[in-house]
Amino acid sequence: MHNPKNKIQELTQKINKHDHDYYYLDNPIITDQEYDSLIDELKTLEKKYPEHKKVDSPTQRVGAEPLPYFEKVKHRYPMLSLDNVFSFEGFEDFEKKTLKLLNTNQKLQYVCEPKIDGLSISLSYQNGQLKEASTRGNGQVGENVTMNIKTIRSIPLSIPYKKDLEVRGEVYFPLIEFHRINKLREEKGLPSFANPRNAAAGTIRQLDSKIVAQRNLSAFIYRVINEQSHQITSQHHALEFLKDNGFLITKIHKFATSLTEVTEYVNWLDKKRNELNYEIDGVVIKIDDLSLHNVLGKTSKFTRAAIAYKFSAEEAETTLEAINLDVGRTGKITYNAVLSPVKLAGTTVRAATLHNADYIKLMNINKGDRVIVYKAGEIIPKVKKLSENNPNKDYSVKWKAPTNCPSCFSKLKTIEGEVDQYCINNECSGIKIKQIIHFCSKSAMDLRGLAINILERFFKIGIIKNVADIYKLKEQKNEILQLEGFKEKSVNNILYTIEKSKNQDLYRFIFGIGIRHVGERTAKLLANNFGNIFSDANISEQDLLKVKDIGEQTAKAVCSFRNNPNLMSEVNELFSLGVKPSIPQKIIPSNGKKVVITGTLSKPRDHFVKLMEANGYESSSALPSNTDFLLIGENPGSKKNKAEKMKIKILTEQNFYKLINDEEN
Ligand code: IVH
10 MHNPKNKIQE
20 LTQKINKHDH
30 DYYYLDNPII
40 TDQEYDSLID
50 ELKTLEKKYP
60 EHKKVDSPTQ
70 RVGAEPLPYF
80 EKVKHRYPML
90 SLDNVFSFEG
100 FEDFEKKTLK
110 LLNTNQKLQY
120 VCEPKIDGLS
130 ISLSYQNGQL
140 KEASTRGNGQ
150 VGENVTMNIK
160 TIRSIPLSIP
170 YKKDLEVRGE
180 VYFPLIEFHR
190 INKLREEKGL
200 PSFANPRNAA
210 AGTIRQLDSK
220 IVAQRNLSAF
230 IYRVINEQSH
240 QITSQHHALE
250 FLKDNGFLIT
260 KIHKFATSLT
270 EVTEYVNWLD
280 KKRNELNYEI
290 DGVVIKIDDL
300 SLHNVLGKTS
310 KFTRAAIAYK
320 FSAEEAETTL
330 EAINLDVGRT
340 GKITYNAVLS
350 PVKLAGTTVR
360 AATLHNADYI
370 KLMNINKGDR
380 VIVYKAGEII
390 PKVKKLSENN
400 PNKDYSVKWK
410 APTNCPSCFS
420 KLKTIEGEVD
430 QYCINNECSG
440 IKIKQIIHFC
450 SKSAMDLRGL
460 AINILERFFK
470 IGIIKNVADI
480 YKLKEQKNEI
490 LQLEGFKEKS
500 VNNILYTIEK
510 SKNQDLYRFI
520 FGIGIRHVGE
530 RTAKLLANNF
540 GNIFSDANIS
550 EQDLLKVKDI
560 GEQTAKAVCS
570 FRNNPNLMSE
580 VNELFSLGVK
590 PSIPQKIIPS
600 NGKKVVITGT
610 LSKPRDHFVK
620 LMEANGYESS
630 SALPSNTDFL
640 LIGENPGSKK
650 NKAEKMKIKI
660 LTEQNFYKLI
670 NDEEN
């Protein structure tokens, strides 16, 4: 090698150009493998000649050593949110209100941009180098995710502009990558990610940036902070500035000078959204003149100079091909619709929830009908109603609810006063497999290697017939290795997780066993108050009832489980196979006090809920009159006033820590 310095520079330029081709031009000209080998080559050279390694070398994008936790970052400019409108009239109102605030009837000009459905980030550059990247967090304080952000190839590690600069944008999962990763996960028996936004947010909160590097996230940048200090006077100018400095912008924003033009853009984008390689959930409409942003200012939550115009939840019409039923772990029957494939909010839908038999009867739908489906909460579609478009429907033919279990064909039972039907056959294999799946699930024993499809396969061929068989799997290793798709390594992984789960938390074990009426919360109460409820012989219904929030139904169910020799022998078999759940270190009986949380706290709510539970407090989301404390964060909203009226004691975070006498902060 005659000149390592030149070679390093040449490779760097080549890699940067490929990044640009891939992310900016959507036109990669080399394969991922070829790209990786360029990175490897550069890494080797940099190792040999560290004196020539550049601070903004693309080799940083492969990730670094895992972090123990993320540092907190206080945002110098809070990361606000946007108010929403859902219709043309809503936007018209926004404009009227804005003109009134500005005390003018001059025409407003806007920049309309796609509203990316990802997670917002803030990036700061010093002397042209990316220094820090943080998540939104609660808007005031976020997390330092610089290592992870550096793996994102569409975010420049260095820019030509040298003044201190802070920009904001949205990290997202390109849909091609999202589908690729989900396919890989499926092949490995891992659960798929539910949607690109959650997957992107989960990825950015990974402590191991090497994992992030493998996921090929991307980011659109849409904002310059403190624009005026960079001689930027309009939003369209800001976007040009960002583009010139190598940031990825969406390229499909539009300048609009009237309400009609805004509406045209919203309609155009709504139609186009299915063709995009990223998910969007509306349009962000920003007043172009940035000096007006300062005049308008902000509320505690929103900036007043922009608004999100959300697309309406989509509906679609399709044919109901069949009504299927399924039996759950408690024997409850649920109904699902098989649909002719139809596009709905960007995905192709083939199935929908129908709940129970009454729901179907009420809608008067039947196989072959045209129905309207819609997305509720974006993920699982529902059948909304019969379409008006059913010219040949014979209304006298009514759908009849099946009377037998779809799995074991035994007669179904309806409990008086309940709409649901139940299979009550203890030997039903449909129920058994659901119980096994529940036992292994994330909120129970968390046996990650045993994904649903694997459990179903093992159940079908008889390797697993009940939960105890999970702990006998190591004896079946050779048999498993004969199965297609199982290699020494993957089987060892599964066996390792199983072994580790033997000491899983007690409450997860109690929850996983599936006692009627014992959900996750009750399982925690039981574990905290009684320790191992299966081995202590002297727990009476009265003892159980002494615990606040354990009612008669639950107490009876627990006792009847403990008195059932068949069920108890299954549990004891687990113990004899070495399962020894971890008993909570200190048994913390509920002190019966309820705390309600409201507003934005400095850490996720989950943190406070866990702390409360560990100290015997219970958390609730509503504000019942027996609430003892209201823990308030920023922007506490109406609950605070209500609590004051109800004379409920109000705690700040500091008071709360004092209350539980915990130094953690
Ligand atoms: S501007 C004051 N532009 O939407 C916040 N936000 O609902 C101004 N978002 O937190 C943000 N695409 O995470 C802006 N083109 C876009 C956006 C966008 C997505 C997100 C952003 C923000 C949220 C508000």
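Going by the working numbering, the first residue of the sequence shown is number 10, and it counts up by one from there.
All residues carry an ideal CB built from backbone N, CA and C; glycine is no exception.
Inset, instruction - May I ask whether a heavy atom of the ligand IVH can be found less than 8 Å away from the beta carbon of Asp126? - result: yes
Legend entry - Span separating the alpha-carbon of Gly386 from that of Pro13: Note on Gly386: pLDDT 48, under 50, position unreliable in the model; no value is reported.
Inset, instruction - Verify whether the separation of the beta carbon atoms of Glu141 and Tyr231 is less than 9 Å. - result: no
Legend entry - Sequence ranges, alpha helix (DSSP H) only - wholly within the region 543-604, length at least 4: 550-554, 561-571 and 574-585
Inset, instruction - Please work out which residues of its chain come closer than 7 Å, Cβ to Cβ, to Glu284, disregarding the five sequence neighbours upstream and downstream, and give them in chain order. - result: Cβ neighbours of Glu284 within its own chain (closer than 7 Å, five residues either side excluded): none.
Inset, instruction - Could you work out which residue in Asp514, Ala247 and Glu249 is closest to Lys451 when comparing CA atoms only? - result: Asp514
Legend entry - Three-way DSSP call (helix, strand, coil) for Gln513 in this model: coil
Inset, instruction - Assign Val604 to one of two classes, buried (16 or more other C-beta atoms within 10 Å of its C-beta) or exposed (fewer than that). - result: buried
Inset, instruction - Give every residue of the same chain whose Cβ lies closer than 6 Å to the Cβ of Asn434, excluding the five residues on either side of it in the sequence, and list them in chain order. - result: Hits under 6 Å: Cys417 and Ser419.
Inset, instruction - Would you tell me roughly how many angstroms separate the C-alpha atoms of Ser647 and Asp455, rounded to the nearest one? - result: 38 Å
Inset, instruction - Just list the beta strand (DSSP E) runs in the region 624-665, keeping only unbroken ones of 3 residues or longer that don't cross its boundaries, in chain order. - result: 627-629, 638-641 and 658-660
Inset, instruction - Would you list the residues sitting across from Gly151 in a DSSP beta bridge? - result: Beta-bridge partners assigned by DSSP to Gly151: Val82.
Legend entry - Short Cβ contact (9 Å threshold) for Ile294 with Val176: For the 9 Å CB-CB criterion, Ile294 and Val176 do not form a contact.
Legend entry - alpha helix (DSSP H) segment containing Val275, residue limits: Leu268 to Lys281
Inset, instruction - Below 6 Å CB to CB, which residues in the same chain sit around Met535 once its five sequence neighbours on both sides are set aside? - result: Per the sequence shown, the amino acid found at residue 535 is Leu instead of Met. Excluding sequence neighbours, Leu535 sits near Ile519 and Ile542.
Legend entry - Check whether Pro200 and Phe187 have beta carbons under 9 Å apart: no
Inset, instruction - Would you give the residue range spanned by the beta strand (DSSP E) that Gln42 belongs to? - result: Note, Gln42: premise wrong, no beta strand (DSSP E); alpha helix (DSSP H) at Asp41 to Lys57.
Inset, instruction - Check whether the region 156-176 touches the region 59-70, counting contact only when three or more Cβ pairs, one atom from each stretch, lie closer than 8 Å. - result: Flag = yes, the region 156-176 and the region 59-70 touch.
Legend entry - In DSSP terms, what Asn345 is bridged to: Asn333 and Thr362
Inset, instruction - In the DSSP assignment, find the beta strand (DSSP E) that holds Arg206 and state where it starts and stops. - result: No beta strand (DSSP E) holds Arg206; the alpha helix (DSSP H) holding it covers Pro205 to Ile213.
Inset, instruction - Within the same chain, show all residues whose beta-carbon is closer than 8 Å to that of Ala566, passing over the 5 residues directly before and after it, in chain order. - result: Hits under 8 Å: Ile524, Arg525, His526 and Val527.
Inset, instruction - Just confirm the distance between the C-beta atoms of Asn538 and Ala317, as a whole number of angstroms; I'd bet it's less than 8 Å. - result: Incorrect: roughly 47 Å between the Cβ atoms, too far for contact.
Inset, instruction - Please state if the CB of Ile234 and the CB of Leu226 are separated by a distance shorter than 9 Å. - result: Not a contact, by the Cβ cut-off of 9 Å.
Inset, instruction - Keeping to the same chain, check which residues put their C-beta closer than 6 Å to that of Pro37; ignore five residues upstream and five downstream. - result: Asp30 and Tyr31
Legend entry - Whole-angstrom C-beta distance between Thr423 and Val382, which should lie under 8 Å: At roughly 27 Å, the Cβ-Cβ gap does not stay under 8 Å, so Val382 and Thr423 are not in contact.
Legend entry - Gly127 vs Phe202 beta-carbon contact at 9 Å: no
Inset, instruction - For Pro613, name the three-state secondary structure that DSSP assigns. - result: coil
Legend entry - When Asp403, Arg189 and Ala453 are compared against Asp41, the one with the closest alpha-carbon: Arg189
Legend entry - Among Ile472, Leu576 and Phe100, the one whose alpha carbon lies nearest that of Leu492: Ile472
Legend entry - Leu305 Cβ short of 8 Å to the ligand IVH heavy atom set: no
Legend entry - Reference Lys481, options Glu50, Ile503, Lys469 and Phe570, closest by Cα: Ile503
Inset, instruction - Say whether the region 633-642 touches the region 657-668, bearing in mind that this needs 3 or more beta-carbon pairs closer than 8 Å, one atom from each stretch. - result: yes
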